[in-house]
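Residue numbers (this note's numbering), protein chains in the order written: chain L, -17 to 179; chain P, 47 to 140; chain B, -4 to 96.
Beta carbons are placed, not taken as given, at the ideal position from N, Cα and C, and that holds for glycine.
Reading through the structure tokens given below for one structure.
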Amino acid sequence: MSALLEEDGERLLAGLRAVLAAKGLISEAEIAARRAATDTAAPAQGARMIARAWTDPEYRALLLRDGTAAAEIMGIPMLGAPPLGVAENTPEVHNLIVCTLCSCYPRAVLGYPPFWYKSAAYRARAVRDPRGLLAEWGTEIPAQVRIRVVDSTADYRWMVLPMRPVGTDGWSAAELAAIVRDSDMIGVTVPGAASRP
Amino acid sequence: MSGLCPGQRVRVRDDWPELRGPAHIRTPHYVRGRQGRIVRYLGSFPNPEDLAFARPAPQRALYHVAFDEPALWPEGRGGDEVLVELYEHWLEPL
Amino acid sequence: METERKRAHHDLGGAPRFMCEPVDKAPHALTGFDRDVDALRQLLGRKGIMTVDELRRGIEAIPEAQYHALSYYRRWVRSIADNLLRKGIVTEAELRAAMRR
Chain L
-17 MSALLEEDGE RLLAGLRAVL AAKGLISEAE IAARRAATDT AAPAQGARMI ARAWTDPEYR
43 ALLLRDGTAA AEIMGIPMLG APPLGVAENT PEVHNLIVCT LCSCYPRAVL GYPPFWYKSA
103 AYRARAVRDP RGLLAEWGTE IPAQVRIRVV DSTADYRWMV LPMRPVGTDG WSAAELAAIV
163 RDSDMIGVTV PGAASRP
Chain P
47 MSGLCPGQRV RVRDDWPELR GPAHIRTPHY VRGRQGRIVR YLGSFPNPED LAFARPAPQR
107 ALYHVAFDEP ALWPEGRGGD EVLVELYEHW LEPL
Chain B
-4 METERKRAHH DLGGAPRFMC EPVDKAPHAL TGFDRDVDAL RQLLGRKGIM TVDELRRGIE
56 AIPEAQYHAL SYYRRWVRSI ADNLLRKGIV TEAELRAAMR R
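This is how it looks when you write it as structure tokens:
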């Protein structure tokens, strides 16, 4: 293994970029464009999908059957992205997403994963003590509800379809989307009507 | 040839290729040798164990497999479960 | 537990070392470095130069102490360099020269 791998990451990145550009493989303009495109993905995209699923039964069915198609219908670019799996919360089951092996996350829909999702503590505890982990967010799932931890070990990227909170009857799609956070779509929290801005 | 159906009980092979040489394995340690049940077939994908080394990667069937928490950990809580995406060649029908 | 003895260090599910560690829930803003590494990785994938599987393998090959000491995206850069060198897409001499500037 090359001693170069021990070099400071910033210097290594600068060197790699220079060589790749000189070889005509990857240009600075391409890096800037890809970075800008990636920055546009954000949890609000996923929140819009959830809000629509709460009000449109056909869309809900599509979301659960083919998450990628459901994202594309909302204008979220999914070309080349891994298949999107959607785990449905019910009165009987609460889903929690993790990637114990690395940090697989539904990035195309939700944007960059939060720091905590990538942490060793999260990756270790989610599959072995999900209820203790959820307590870190003040989330308590009733004892009679099954917790289903979804470890993203292969080609799919997973997100949670939370249950629509009580007290949201008659809300607009925008109002519903505004109470759905990334933490809700990973399953460490549940959305509530009280979160209405 | 595998054709595992929803509900089928399976055992994950208790194999440790990474102890024999460089390997890239997407079967978490905590399910190896454990028993679970097929939830559903997720599609077929090129084997990441080969992709990781830029080798030709054959298509492998991928399954969602459920494991009861008590089957995985001494202190595992009954009623809760873990779903893991596992490739066919790691699964033995019971 | 039997599997703990054989567990690779990146294979963190249930790892005793981290079971009692609180989760840092604070938002950590991504730096320009982080975003550029992320973009570079995506481009390498889109252009068929390096797959995400190769990225993961390279990260898993980082020795344990450094794996935990390096930030998330510094692990990525190290893996990208490892893979591009291994595949001869970039040579040590080229990279060394580029880093000298």
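Beta-carbon proximity list for residue i, same chain, < 7 Å, skipping 5 on both sides
i, result
"residue 29 of chain L", "159 and 162"
"residue -11 of chain L", "none"
"residue 99 of chain L", "85, 87 and 168"
Buried versus exposed, by CB contacts within 10 Å (16 or more), residue i
i, result
"residue 39 of chain B", "buried"
"residue 11 of chain L", "exposed"
"residue 74 of chain B", "buried"
"residue 126 of chain L", "exposed"
"residue 57 of chain L", "exposed"
"residue 102 of chain P", "exposed"
"residue 15 of chain B", "exposed"
"residue 81 of chain L", "buried"
"residue 166 of chain L", "buried"
"residue 101 of chain L", "buried"
"residue 35 of chain L", "buried"
"residue 31 of chain B", "buried"
"residue 19 of chain L", "exposed"
Rounded C-alpha distance that separates residue i from residue j
i, j, result
"residue 44 of chain B", "residue 74 of chain L", "45 Å"
"residue 16 of chain L", "residue 60 of chain L", "14 Å"
"residue 176 of chain L", "residue 40 of chain L", "27 Å"
"residue 129 of chain L", "residue 57 of chain P", "22 Å"
"residue 29 of chain B", "residue 64 of chain B", "16 Å"
"residue 50 of chain B", "residue 83 of chain P", "31 Å"
"residue 149 of chain L", "residue 84 of chain L", "38 Å"
"residue 110 of chain P", "residue 41 of chain B", "27 Å"
"residue 108 of chain P", "residue 7 of chain L", "33 Å"
"residue 66 of chain P", "residue 132 of chain P", "21 Å"
"residue 120 of chain P", "residue 54 of chain B", "30 Å"
"residue 88 of chain L", "residue 131 of chain L", "16 Å"
"residue 138 of chain P", "residue 86 of chain P", "15 Å"
"residue 87 of chain B", "residue 33 of chain B", "22 Å"
"residue 64 of chain P", "residue 1 of chain B", "9 Å"
"residue 60 of chain P", "residue 135 of chain P", "12 Å"
Residue i at chain L interface by Cβ criterion, 9 Å
i, result
"residue 58 of chain P", "no"
"residue 138 of chain P", "no"
"residue 72 of chain P", "yes"
"residue 68 of chain P", "no"
"residue 93 of chain B", "yes"
Neighbour flag for residue i against chain P, beta carbons, 9 Å
i, result
"residue 95 of chain L", "no"
"residue 77 of chain B", "no"
"residue 136 of chain L", "yes"
"residue 55 of chain B", "yes"
"residue 87 of chain B", "no"
"residue 68 of chain L", "no"
"residue 20 of chain B", "no"
Cut-off 8 Å between Cβ atoms - residues of its own chain near residue i, not counting five sequence neighbours on either side
i, result
"residue 47 of chain P", "Low confidence applies here, because residue 47 of chain P scores a pLDDT of 42, under 50, leaving its location unreliable; read the following figure in that light. Same-chain partners within the cutoff: there are none."
"residue 80 of chain P", "57, 58, 113, 117 and 118"
"residue 134 of chain L", "79, 80, 81, 86, 87 and 140"
"residue 90 of chain P", "105, 106, 107 and 108"
Partners in chain A for residue i, counting only beta-carbon separations shorter than 7 Å
i, result
"residue 125 of chain P", "Although the question refers to chain A, the structure presented lacks it and instead comprises the protein chains L, P and B."
Test: residue i CB closer than 9 Å to a CB of chain B
i, result
"residue -14 of chain L", "yes"
"residue 82 of chain P", "no"
"residue 76 of chain P", "yes"
"residue 104 of chain P", "no"
"residue 79 of chain P", "yes"
Sequence-distant residues of its chain with Cβ nearer than 6 Å to residue i (five each side left out)
i, result
"residue 122 of chain P", "115 and 116"
Quiz item: With contact counted as at least three CB pairs below 8 Å, one residue from each stretch, are the region 11 to 19 of chain B and the region 72 to 82 of chain P in contact?
Solution: They do not touch, by the three-pair rule.
Quiz item: Do three or more CB pairs link the region 45 to 55 of chain L to the region 113 to 124 of chain L at distances below 8 Å?
Solution: no
Exercise. Please determine if the region 87 to 104 of chain P and the region -1 to 9 of chain B are in contact, where contact requires at least 3 C-beta pairs separated by less than 8 Å.
Key: no
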